[in-house]
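Below is one structure, written out as structure tokens; the observations come after it.
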Amino acid sequence: MNKEKQNSNFAKISKLKLICIEKGRNGLGNIYVWASGDGGEDDDCNCDGYAASMWTVSINSAINDGQNAHYDESCSSTLASTFSNGARDPSTGVATTDLYGKCTATHSGTSAAAPEAAGVFALALHANPNLTWRDIQHLTVLTSKRNSLYDAKGRFHWTMNGVGLEFNHLFGFGVLDAGAMTALAANWRSVPPRYHCEAGSVNTHTEIPSEDSITLHIKTTACAGSPSEVRYLEHVQAVVSANATRRGDLELFLTSPMGTRSMILSRRANDDDSRDGFTKWPFMTTHTWGEYPQGTWTLEVRFSGGSGPSSASGWLRGWSLVLHGTRAPPYAQLQPQDPHSKLAVVKKAHEDNATE
């Protein structure tokens, strides 16, 4: 699995690849699983065009005691996690097949976690071969478990979004549960059609202060009354252009109308010497999954490297908001077996909103 960074922009995907993604498997769509990345706490997987893509399932790793691995990147586009090695001892790892008919017990990193996820998805597809690429993502959100996953450094805590789904900046919606996913997949009804709403944009030339933050807002109806209307969110993109003398010090936060705050870009110390900035980079979040998009979205921009002669300076040149999701309730045809399941919680939230 070959990971590239910012020049691997899946947003600029070719027409042929898009056909494969959406029309492969006889129209059900190909399923692409991507490792969130092994850059550690000084990197952010939302700067990997494949990990930040709506068309991939980005998978992070956890170690067997529930904490994150030392090499884990974090980002708001990670959908879920599986287990991998955690110790720095090279003799530890994941057992799997190897080259030339051999086996290995030292497979490691998120490059081991992602294939585990692919195996879980294969089980779900065996239970229900009619699952679409989007069905797999919905099943991932609804059946992944928080369990005892935690950030060893206490930076990222579990948070509940506006429709009752817990998420974590490191682990996404939790660790994959193969049993729960295959059980729900067996009786799954495919989600409704997906729409894309260009919800608004702000063209600006605003200085980003070195010791403060700036906030910009987009108020949207989520394309209500148009063929592109989105009422129930899947993916959200903030497409940002900014200049910076120290790009790695830039941090971005996106807050939804329901109050869910996503860090869509964290400080990346290894990128501090870059002056390239960002040009229409699509930072993606899954944290608002299932939420209602109408209202005011807020983008917060700041530098995190501190003040002084060497502190960063820069300008925000603009941002736009793109909403992706369904017009119809995605789980209306499903009957939850457990009243405390994520499916039951989100479905009730959708039903309550429809009666308001």
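Residue numbers (numbering that gives the first Met the number 0): 0 to 355. Note that CB positions come from ideal geometry on N, CA and C, so glycine has one too.
Using only alpha-carbon positions, find the residue among the options that is nearest to residue i.
i: His-323; options: Ser-273, Pro-226, Ser-310, Asp-248; result: Pro-226
i: Asp-43; options: Asp-351, Ala-327, Asp-270; result: Asp-270
i: Val-140; options: Gly-118, Tyr-194, Ala-184, Thr-205; result: Ala-184
i: Leu-175; options: Ile-58, Thr-105, Phe-252; result: Ile-58
i: Tyr-149; options: Ser-200, Lys-14, Asn-63; result: Asn-63
i: Ile-213; options: Gly-289, Gly-317, Gly-276, Gly-258; result: Gly-317
i: Ser-265; options: Asp-47, Gly-100, Ala-348, Asp-97; result: Asp-47
i: Gln-66; options: Phe-252, Gly-118, Ser-110, Leu-169; result: Leu-169
i: Ala-50; options: Glu-72, Asp-41, Tyr-231; result: Glu-72
i: Val-300; options: Pro-128, Ser-80, Leu-315; result: Leu-315
i: Ser-261; options: Pro-328, Thr-77, Arg-274, Ser-52; result: Thr-77
i: Asn-352; options: Phe-252, Tyr-291, Ser-303, Phe-302; result: Tyr-291
i: Ser-273; options: Ser-312, Pro-256, Glu-115, His-286; result: Ser-312
Measuring straight from C-alpha to C-alpha, what distance separates residue i and residue j?
i: Ser-310; j: Glu-250; result: 14 Å
i: Trp-296; j: Lys-218; result: 6 Å
i: Asn-45; j: Asn-84; result: 23 Å
i: Asp-248; j: Cys-102; result: 42 Å
i: Arg-188; j: Asp-134; result: 8 Å
i: Gly-39; j: Cys-74; result: 11 Å
i: Leu-333; j: Ala-113; result: 28 Å
i: Leu-15; j: Thr-254; result: 34 Å
i: Ala-343; j: Pro-335; result: 5 Å
i: Val-190; j: Ser-240; result: 33 Å
i: Pro-192; j: Ser-319; result: 23 Å
i: Ala-151; j: Gly-224; result: 46 Å
i: Ala-331; j: Arg-246; result: 44 Å
i: Met-0; j: Gly-199; result: Interpretation of Met-0 is limited by its pLDDT of 31, a score under 50 that renders its predicted location unreliable; the figure taken from the coordinates is listed afterwards. One C-alpha to the other measures close to 35 Å.
i: Gly-23; j: Val-32; result: 15 Å
i: Val-119; j: His-137; result: 14 Å
i: Asp-337; j: Thr-244; result: 52 Å
i: Thr-278; j: Ala-104; result: 42 Å
i: Ser-7; j: Thr-354; result: Unreliable positioning characterises Ser-7 in this predicted model, as indicated by a pLDDT of 48, which lies under 50. The coordinate reading is nonetheless provided below. One C-alpha to the other measures close to 44 Å.
i: Thr-95; j: Val-56; result: 21 Å
Taking all protein chains shown into account, do 16 or more other C-beta atoms lie within 10 angstroms of the C-beta of residue i, making it buried, or fewer, making it exposed?
i: Thr-284; result: buried
i: Asn-242; result: buried
i: Gly-153; result: exposed
i: His-216; result: exposed
i: His-204; result: exposed
i: Met-159; result: exposed
i: Ile-207; result: buried
i: Pro-128; result: exposed
i: Asn-202; result: exposed
Within the same chain, show all residues whose beta-carbon is closer than 8 Å to that of residue i, passing over the 5 residues directly before and after it, in chain order.
i: Gly-108; result: Ala-34, Asp-37, Ser-60, Ala-68, Tyr-70, Ser-83, Asn-84
i: Glu-228; result: Tyr-194, Cys-196, Ala-221, Cys-222, Arg-326
i: Leu-164; result: Val-140, Phe-172, Trp-288, Gly-289, Lys-341, Val-344, Val-345
From which residue to which residue does the beta strand (DSSP E) around residue i run?
i: Ser-212; result: 212-219
i: Asn-59; result: 55-61
i: Pro-281; result: 277-284
i: Tyr-31; result: 31-34
i: Tyr-99; result: Neither: Tyr-99 is in no beta strand (DSSP E) and is coded neither H nor E.
i: Trp-318; result: 313-325
i: Gln-236; result: 231-243
i: Arg-260; result: 260-264
i: Leu-148; result: Where Leu-148 is concerned, there is no enclosing beta strand (DSSP E), given that its DSSP letter is neither H nor E.
i: Leu-249; result: 249-254
Near residue i, which residues of its chain fall below 6 Å by C-beta distance, leaving aside the five closest residues on each side in sequence?
i: Leu-27; result: Thr-131
i: Gln-236; result: Pro-281, Met-283, Val-321
i: Thr-181; result: Leu-122, Ala-123, Ala-126
i: Trp-54; result: Ile-20
i: Thr-91; result: Asn-84
Identify the continuous alpha helix (DSSP H) that holds residue i and give its terminal residues.
i: Ile-207; result: No alpha helix (DSSP H) holds Ile-207; the beta strand (DSSP E) holding it covers 193-207.
i: Met-180; result: 177-185
i: Ala-94; result: Not the alpha helix (DSSP H): Ala-94 falls in the beta strand (DSSP E), residues 93-96.
i: Ala-113; result: 109-126
i: Val-140; result: 132-142
i: Gly-26; result: 14-26
i: Thr-354; result: 341-354
Using only the heavy atoms of the ligand SAM, determine whether one of them is closer than 7 Å to the beta carbon of residue i.
i: His-168; result: Among the ligands in the structure shown, none appear at all, so the ligand SAM cannot be discussed.
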